[in-house]
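J.: Numbering (the numbering used here), first residue to last: 6 to 70.
Glycine included, each C-beta is placed from N, C-alpha and C at the ideal position.
Being a predicted model, the structure only gives us computed values, none of them experimental.
The structure under discussion is supplied below as structure tokens; questions concerning it will follow.
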């Protein structure tokens, strides 16, 4: 039985998937920011792309890391 729990690293350290999700979130928001910056996408908030990017990095990504 103890062999089962030693092989299950996610059960031993449940915070590990959040590191992967933080990395994915960072990549997705940078790709979205590039779309907003180069005019392919429009921001629904009325913010400039620079303000949106700084907001997402300060209040979205940094607290997760």
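Taking all protein chains shown into account, decide if residue 57 is buried (16 or more other Cβ within 10 angstroms of its Cβ) or exposed.
T.: For the purposes of this step, residue 57 is identified with residue 52 of the chain shown, where counting begins at 1. Flag for residue 57 reads buried.
J.: State the Cα-Cα distance for the pair residue 55 and residue 33, rounded to the nearest angstrom.
T.: Position 50 of the chain shown, counted from the first residue, corresponds to residue 55. Position 28 of the chain shown, counted from the first residue, corresponds to residue 33. When rounded, the distance between both Cα atoms is 16 Å.
J.: In whole angstroms, give me the CA-to-CA distance for residue 63 and residue 22.
T.: Position 58 of the chain shown holds residue 63. Position 17 of the chain shown holds residue 22. Straight-line Cα distance between these residues: approximately 21 Å.
J.: Give me the Cα-Cα distance between residue 27 and residue 66, rounded to the nearest whole angstrom.
T.: Walking along the chain shown from the start, residue 27 turns up at place 22. Walking along the chain shown from the start, residue 66 turns up at place 61. When rounded, the distance between both Cα atoms is 7 Å.
J.: Tell me the DSSP secondary structure of residue 53 in three-state form.
T.: Taking the chain shown and counting its residues from 1, the one referred to as residue 53 is at position 48. Note: residue 53 maps to coil in three-state DSSP.
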